[in-house]
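Sequence order for the protein chains is A and B.
The opening residue of the first sequence carries number 1 in my numbering; numbering runs sequentially from there.
The opening residue of the second sequence carries number 198 in my numbering; numbering runs sequentially from there.
Just so you know, even glycine gets a beta-carbon here, dropped at the ideal spot from N, CA and C.
Protein chains: 2
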Amino acid sequence: MTTARRDAYTPETLLTVAVRIFNERGYDGTSMEHLSKAAGISKSSIYHHVAGKEELLRRAVSRALDSLFAILEENGARRGRAIERVEYVTRRTVEVLVAELPYVTLLLRVRGNTKTERWALERRREFDQRVADLLKAAAADGDLRADVDIRLATRLLFGMVNSLVEWYRPHPGGGYDADQVAETVVQLAFDGLRTDS
Amino acid sequence: MTTARRDAYTPETLLTVAVRIFNERGYDGTSMEHLSKAAGISKSSIYHHVAGKEELLRRAVSRALDSLFAILEENGARRGRAIERVEYVTRRTVEVLVAELPYVTLLLRVRGNTKTERWALERRREFDQRVADLLKAAAADGDLRADVDIRLATRLLFGMVNSLVEWYRPHPGGGYDADQVAETVVQLAFDGLRTDS
DNA sequence: AGAGTAACCGAACGATCGGTCGGTACAAGG
DNA sequence: CCTTGTACCGACCGATCGTTCGGTTACTCT
Chain A
1 MTTARRDAYT PETLLTVAVR IFNERGYDGT SMEHLSKAAG ISKSSIYHHV AGKEELLRRA
61 VSRALDSLFA ILEENGARRG RAIERVEYVT RRTVEVLVAE LPYVTLLLRV RGNTKTERWA
121 LERRREFDQR VADLLKAAAA DGDLRADVDI RLATRLLFGM VNSLVEWYRP HPGGGYDADQ
181 VAETVVQLAF DGLRTDS
Chain B
198 MTTARRDAYT PETLLTVAVR IFNERGYDGT SMEHLSKAAG ISKSSIYHHV AGKEELLRRA
258 VSRALDSLFA ILEENGARRG RAIERVEYVT RRTVEVLVAE LPYVTLLLRV RGNTKTERWA
318 LERRREFDQR VADLLKAAAA DGDLRADVDI RLATRLLFGM VNSLVEWYRP HPGGGYDADQ
378 VAETVVQLAF DGLRTDS
């Protein structure tokens, strides 16, 4: 039971590097050679820590999905009027996107070429469905305007939130913090941009 | 000057096939072999029509960018109060996204690995900036609520519109048409989802 | 000191990558 | 008929892909 370590890479620290490169170059556009350069170890050494390229992807998207599904188990998402639960889930989703930005970014870009990617797409659809049901309940309560298609609005709300991964960067001097973004998303989605609303 | 043609593939018809496959598998995840199978001609024959894989990408994103920039030259985007121009551009952007869906989809997914991709990203940023300036003008007119950050709201509005490429599909029985989507986007963005707004 | 093992490496694997090459089938123009 | 040029193909190129293998190094434990 010896624990000899020289530089002590773990699957987790390797994952941090890999996810960064995956997001920069795209999963398919990233070679194991790219990862080895970025991590500072040889290509073959990576296989000492993880089974292969696809395992890195699976670990990353699992982390993102687990964080998202956990939102639905929180009290704010399970108790109270439907529209308040929708607001809560929206706000928390923004917070999770920001907190787990690289992992969620990778998740939202999966195409479906491998079994792992198709599994990720399936779980994503499941999460979307859960929130869509919440929106539907809020509409049934009469808390959402009746002149917009509720499924369409759900898609757009999701699209707005998910677009965060395309431009949000943690604030090294001047950027927005998660709370501010979440607040603006909720204001825009529920009360609109116009002055006199 | 003989014009002997057997099956008559042109760079344009080839592009239609290529863009579809690029969107299904991702650009990096698509091999010339994939394209040749989908087009029904041999891999080497593709090079009789186009210079290579990257030219197909360049043609596709050029088409998308030209359509988007053309919006800014239309009368509705150049005349009238700023907020009305913003609404016009928003509506027209949705229409263009729907009309040129596969090409815009490809454009919005480029990562920046090649020179062509970096050029596309640059032109995209230029378009975004032009619209961001419009939003800023509307805010200066006092037509947008003062309690949201205008740059942040611009990003979110764009994110919502661009997310169309991730889920919108032309309506083979039951889907939404472009006008309905554009209307809902404008309603949601400017007046919000809530009932009593 | 010696044994055991985690961490790592260079070299090479077969497969596939984007792209090239020499040639063939075929239709139009003379 | 024969030439010309387009559309197309199979075979192949060097490079790179994800992965494997046989070691070597460096550390801990006894």
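- Look at Q326(B): its C-beta is not under 8 angstroms from any C-beta on chain A.
- In chain order, R118, L121 place their CB closer than 6 angstroms to the CB of G112(A), counting only its own chain and leaving out the 5 sequence neighbours on each side.
- DSSP places V19(A) in the uninterrupted alpha helix (DSSP H) bounded by 11 to 25.
- Nearest Cα to V185(A) within the set T351(B), F324(B), D340(B): T351(B).
- In this structure V307(B) touches V258(B) by the C-beta definition: roughly 7 angstroms separates them, less than 8 angstroms.
- By the C-beta density criterion, A274(B) is buried, having at least 16 other C-beta atoms within 10 angstroms.
- For I150(A), the enclosing alpha helix (DSSP H) has its first and last residue at 150 to 162.
- Among the residues facing chain A, E363(B) is included, as its CB has a counterpart in that chain under 8 angstroms away.
- A distance below 8 angstroms separates the beta carbons of G26(A) and G223(B).
- Contacts with chain B at 8 angstroms (Cβ-Cβ) do not include A60(A).
- Within the model, the alpha-carbon separation for M229(B) versus K250(B) is close to 7 angstroms.
- Here A335(B) has A279, I280, V283, L341 as same chain residues with Cβ atoms under 7 angstroms from its own Cβ, once five neighbours each way along the sequence are excluded.
- Taking the Cα positions, L254(B) is about 9 angstroms away from L212(B).
- Identification of residues in the stretch 349 to 374 of chain B having a C-beta nearer than 9 angstroms to some C-beta of chain A yields L349, A350, R352, L353, L354, F355, G356, M357, V358, N359, S360, L361, E363, W364, Y365, Y373, given in sequence order.
- Non-local beta-carbon contacts of A38(A) in its own chain, meaning distances under 7 angstroms to residues more than five positions away in sequence, involve V17, I21 in chain order.
- Shown here, L35(A) sits in a helix according to DSSP, grouped into three states.
- In terms of Cα proximity to G372(B), the closest of H246(B), V295(B), V345(B), R348(B) is V295(B).
- In the three-state reduction of the DSSP assignment, L341(B) falls in the strand class.
- At least 8 angstroms separates the CB of D179(A) from every CB of chain B.
- T381, V382, Q384, L385, A386, F387, D388, G389, L390, R391: these are the residues of the stretch 380 to 391 of chain B whose beta carbon lies less than 7 angstroms from some beta carbon of chain A, given in chain order.
- Classified as buried, R260(B) has 16 or more neighbouring CB atoms from the shown chains inside 10 Å of its CB.
- Interface annotation for the stretch 212 to 235 of chain B against chain A: R222, G223, D225, G226, criterion Cβ-Cβ distance under 7 angstroms.
- Beyond the five residues adjoining it in sequence on each side, Y285(B) comes within less than 7 angstroms, by CB distance, of G273, A274 in the same chain, given in chain order.
- Of the residues assessed, S241(B) falls on the exposed side of the cut-off, its CB having fewer than 16 other CB atoms within 10 angstroms.
- Bounds of the alpha helix (DSSP H) holding H246(B) are 240 to 246.
- For the C-beta of D346(B), the chain A residues within less than 8 angstroms are, from N- to C-terminus, Y176, Q180, T184.
- The Cβ neighbour count for P299(B), taken over all protein chains shown within 10 Å, is at least 16; the residue is labelled buried.
- With respect to the 8 angstroms criterion, L68(A) and V94(A) are not classified as neighbours on the basis of their beta carbons.
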